[in-house]
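Protein chains in written order, with the numbering used here: chain E, 1 to 76; chain H, 1001 to 1371. Where a beta carbon is used, it is the ideal one built from N, C-alpha and C, also for glycine. Predicted model, so just to flag it, every value in this text is computed and none were measured. Only one structure is covered here, and it is reproduced in the block below.
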Amino acid sequence: MQGLALPPAVEALQPFPTVTRERFQAALTNALGESGSEWFRAVDWHPNLWAAREAAVATGKPIFIWSMNGHPLGST
Amino acid sequence: MLQHFACVVVNCSLLQQADDAEGEFFRTITLQSGRYNMSFEEAVTAAPDWTHGQTHTHQGHFVGTADGLSLGSSFGHADGGDSTSAMLEQALAQCRELPASPAASVSALAPLDGRDPLKSWPVLPDDDWLVLQLTCRDLSRPRRLRSLKQDDTPDAFNNDFVWLSPSEVAALVPDPTAPAGTDTIVPQWLAKKLARFHLIDCVRGEGVTWPESAVHTAELTVCIDDPSESPTADSGETSVTFRGEFALCEQPDGMAAAEWQLDSNETFATSADTSKRSRPAWRGLVCSMLGQATFAQPQHGNAKFSTFDAVITGVRWGRQHLEGRVGDEAPAGICFGLTLSQDRTTPPRGAPAAYLEASPASASTAQTAKL
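Structural data, given as structure tokens:
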């Protein structure tokens, strides 16, 4: 932590949490949790709006857009 | 229900400002929504020159035709999705009543003539890229340090995706003939890229990339495991362990450090009032990484990971200018989990150009796979 002065309240939390080889799998399971298994990951999303528009033209289906600040399937 | 639609998810922070036909088409639909209440004709006129940088949001659920005619919109999830379901049903019924669209043939739709490079991703990762899913969540805290937010949503988490190009993968792996037990330093530009773009507290909402000046430590090493202790010894693959140390802190010039009193009561534990501070707010992260991975290195070609798991744990404090951490800013434990991703189309958070250019070899890798 070159040159980084930690705030006192951060210093007070030392030793900081770390992961050992022995606890690695449990820590990974805790960190990942159930993420990745949400219902919306099973939807056949088009990779971008233009591809969805092309599919709409080809199939006659309307376009459904789920729009968020930050990618809805990523960090939002 | 969604099988009746051509479905797409978009990051409107980028797309609503895109200076290209895709951005214009998006704005044409969203400007007709309940947020802006324009007619189709008004939206078509306004969409090309809709001022970039406007703070108006284009978040929500929208249904439109391939011509850009809006068929419905809904916002928020307070009713558990009921209003969106109703909107979808109405939009579908309305669509079936429409006369045949003038654009209802593939030939009527002009191909997209390039994308705004600042607001869109020019590539999708092909098989040579390493794509990781990142999950970020708070570590459990003693009761006296818990905030109301953590009590309300103790299992909050957020996701991100790491895209590493073939040249970045090459920088990540050691020479497989190197002696086991020898640490190889991963180039600092790559460790710094991972820190700046991905070690971001996004547990309670979208995160913000760290500026270069915020990186105090970004050290990552990789070590070939002892083959006699490795389950991949007979597979021809190489098993490695990653270890990393990271320290990041962003404190605006002239701004006094916020102080938290962790030994006090719950109010004090979350009381550092940075809620009125504008960007950039004061924030920091100190953490360490342990990762285990296996890769195959063909004689010719790129290394390919068959497993990649990592955990990063440490302490974060403060918040960014976005509001997710307001009321929950006191220093506390945080963790990030990384694993190979099945999803290879959801891009990393952040600005595409900045992300791709954070690698010295970006110019030669950005064209790997055209979207």
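So residue i contacts chain E; which residues on that side make the cut at Cβ distance below 8 Å?
{"i": "I1029 of chain H", "result": "I63 and I65"}
{"i": "Q1292 of chain H", "result": "F24"}
{"i": "A1006 of chain H", "result": "H46, A52, R53, A55, A56, T59, K61, P62, I63 and F64"}
{"i": "S1288 of chain H", "result": "F16, T18 and V19"}
What residues of chain E sit near residue i, judged by a beta carbon separation below 7 Å?
{"i": "C1249 of chain H", "result": "L4"}
{"i": "Q1059 of chain H", "result": "S67, M68 and N69"}
{"i": "E1206 of chain H", "result": "N69, G70, S75 and T76"}
{"i": "F1161 of chain H", "result": "G74"}
{"i": "W1339 of chain H", "result": "Residue 1339 of chain H is actually Thr in this sequence, not Trp. The contacting residues are L32."}
Taking all protein chains shown into account, decide if residue i is buried (16 or more other Cβ within 10 angstroms of its Cβ) or exposed.
{"i": "A56 of chain E", "result": "buried"}
{"i": "Q1299 of chain H", "result": "exposed"}
{"i": "S1165 of chain H", "result": "buried"}
{"i": "D1126 of chain H", "result": "exposed"}
{"i": "P1352 of chain H", "result": "buried"}
{"i": "Q1003 of chain H", "result": "exposed"}
{"i": "S67 of chain E", "result": "buried"}
{"i": "D1273 of chain H", "result": "Caution is warranted here: a pLDDT of 48 is assigned to D1273 of chain H, below 50, making its placement in the model unreliable, and no coordinate value can be reported."}
{"i": "E34 of chain E", "result": "exposed"}
{"i": "D1155 of chain H", "result": "exposed"}
{"i": "Q1251 of chain H", "result": "buried"}
{"i": "A26 of chain E", "result": "exposed"}
{"i": "S1105 of chain H", "result": "Caution is warranted here: a pLDDT of 49 is assigned to S1105 of chain H, below 50, making its placement in the model unreliable, and the coordinate value is therefore given only provisionally. That one is exposed."}
{"i": "H1056 of chain H", "result": "exposed"}
{"i": "M1001 of chain H", "result": "exposed"}
{"i": "T1238 of chain H", "result": "buried"}
{"i": "G1081 of chain H", "result": "exposed"}
{"i": "S1306 of chain H", "result": "exposed"}
{"i": "T1084 of chain H", "result": "buried"}
{"i": "D1160 of chain H", "result": "buried"}
What's the gap between the Cα of residue i and the Cα of residue j?
{"i": "Y1036 of chain H", "j": "F1308 of chain H", "result": "45 Å"}
{"i": "H71 of chain E", "j": "G1207 of chain H", "result": "11 Å"}
{"i": "Q1342 of chain H", "j": "G1205 of chain H", "result": "23 Å"}
{"i": "L1015 of chain H", "j": "P1179 of chain H", "result": "48 Å"}
{"i": "G1284 of chain H", "j": "L1248 of chain H", "result": "5 Å"}
{"i": "T1294 of chain H", "j": "S1167 of chain H", "result": "18 Å"}
{"i": "S1039 of chain H", "j": "A1046 of chain H", "result": "10 Å"}
{"i": "R1049 of chain H", "j": "T1346 of chain H", "result": "Note that residue 1049 of chain H is Asp in the sequence shown here, rather than Arg. Whole-angstrom Cα-Cα distance: 28 Å."}
{"i": "W1282 of chain H", "j": "D1226 of chain H", "result": "43 Å"}
{"i": "N1011 of chain H", "j": "S1074 of chain H", "result": "16 Å"}
{"i": "F1268 of chain H", "j": "A1195 of chain H", "result": "Because F1268 of chain H sits at a pLDDT of 37, beneath the cut-off of 50, its placement in the model cannot be relied upon, and the following sentence gives the value as read from the coordinates. When rounded, the distance between both Cα atoms is 30 Å."}
{"i": "E1219 of chain H", "j": "G1244 of chain H", "result": "5 Å"}
{"i": "S1275 of chain H", "j": "S1228 of chain H", "result": "Note that S1275 of chain H scores a pLDDT of 48, beneath 50, so its modelled location is shaky; the value from the coordinates is reported in the next line. Distance between the alpha carbons of S1275 of chain H and S1228 of chain H is about 54 Å."}
{"i": "L1340 of chain H", "j": "A31 of chain E", "result": "14 Å"}
{"i": "Q1297 of chain H", "j": "C1202 of chain H", "result": "34 Å"}
{"i": "A1171 of chain H", "j": "I1029 of chain H", "result": "43 Å"}
{"i": "P1111 of chain H", "j": "A51 of chain E", "result": "10 Å"}
{"i": "R1115 of chain H", "j": "R1349 of chain H", "result": "18 Å"}
{"i": "G1236 of chain H", "j": "Q1292 of chain H", "result": "17 Å"}
{"i": "I1200 of chain H", "j": "R1096 of chain H", "result": "45 Å"}
{"i": "G1076 of chain H", "j": "N1158 of chain H", "result": "18 Å"}
{"i": "L4 of chain E", "j": "V1169 of chain H", "result": "30 Å"}
{"i": "A1018 of chain H", "j": "L1069 of chain H", "result": "19 Å"}
{"i": "G1327 of chain H", "j": "T1153 of chain H", "result": "13 Å"}
{"i": "T1241 of chain H", "j": "G1324 of chain H", "result": "34 Å"}
{"i": "A1086 of chain H", "j": "T76 of chain E", "result": "24 Å"}
{"i": "P1360 of chain H", "j": "R1344 of chain H", "result": "23 Å"}
At 9 Å on the CB atoms, spell out the chain E contacts of residue i, in chain order.
{"i": "F1336 of chain H", "result": "A31"}
{"i": "T1065 of chain H", "result": "A56, P62 and I63"}
{"i": "D1343 of chain H", "result": "G36, R41, L73 and G74"}
{"i": "F1026 of chain H", "result": "L49, I65 and S67"}
Which residues in chain H have a C-beta closer than 7 Å to the C-beta of residue i? List them in chain order.
{"i": "W50 of chain E", "result": "E1022 and L1112"}
What residue from the options has the CA that sits closest to residue i's CA?
{"i": "D1138 of chain H", "options": "H:Q1003, H:F1062, H:L1172 and H:C1287", "result": "H:C1287"}
{"i": "A967 of chain H", "options": "H:W1317, H:E1245 and H:A1066", "result": "As shown, chain H starts at 1001 and ends at 1371. That puts residue 967 of chain H outside it, with no answer to give."}
{"i": "F1062 of chain H", "options": "H:Q1032, H:Y1355, H:P1111 and H:K1304", "result": "H:Q1032"}
{"i": "R1316 of chain H", "options": "H:G1324, H:A1310, H:A1303 and H:A1330", "result": "H:A1330"}
{"i": "N69 of chain E", "options": "H:C1223, H:L1322 and H:V1173", "result": "H:L1322"}
{"i": "R41 of chain E", "options": "E:G74, E:N48 and E:V10", "result": "E:G74"}
{"i": "Q1320 of chain H", "options": "H:D1128, H:P1111 and H:A1214", "result": "H:A1214"}
{"i": "V1311 of chain H", "options": "H:G1333, H:D1328 and H:L1338", "result": "H:L1338"}
{"i": "R1141 of chain H", "options": "H:R1344, H:G1291, H:I1224 and H:C1335", "result": "H:C1335"}
{"i": "H46 of chain E", "options": "H:S1306, H:L1124 and H:G1324", "result": "H:L1124"}
{"i": "G1072 of chain H", "options": "H:D1082, H:H1058, H:P1211 and H:E1089", "result": "H:E1089"}
{"i": "E1212 of chain H", "options": "H:Q1059, H:A1354 and H:V1009", "result": "H:A1354"}
{"i": "G1333 of chain H", "options": "E:N48, E:L13 and E:R23", "result": "E:L13"}
{"i": "E54 of chain E", "options": "H:H1058, H:K1304 and H:G1064", "result": "H:G1064"}
Check the Cβ-Cβ distances between residue i and every residue of chain B, and say whether any is below 8 Å.
{"i": "V1311 of chain H", "result": "In the displayed structure, chain B is absent; the protein chains listed are E and H."}
So residue i contacts chain H; which residues on that side make the cut at Cβ distance below 8 Å?
{"i": "P17 of chain E", "result": "L1139, T1313, G1314, V1315, G1333 and C1335"}
Query raised in the report: Do the region 1186 to 1199 of chain H and the region 1014 to 1024 of chain H meet, that is, are 3 or more Cβ pairs less than 8 Å apart?
Result: no
Query raised in the report: Should the region 12 to 23 of chain E be called in touch with the region 57 to 69 of chain E, which here means at least 3 C-beta pairs below 8 Å?
Result: no
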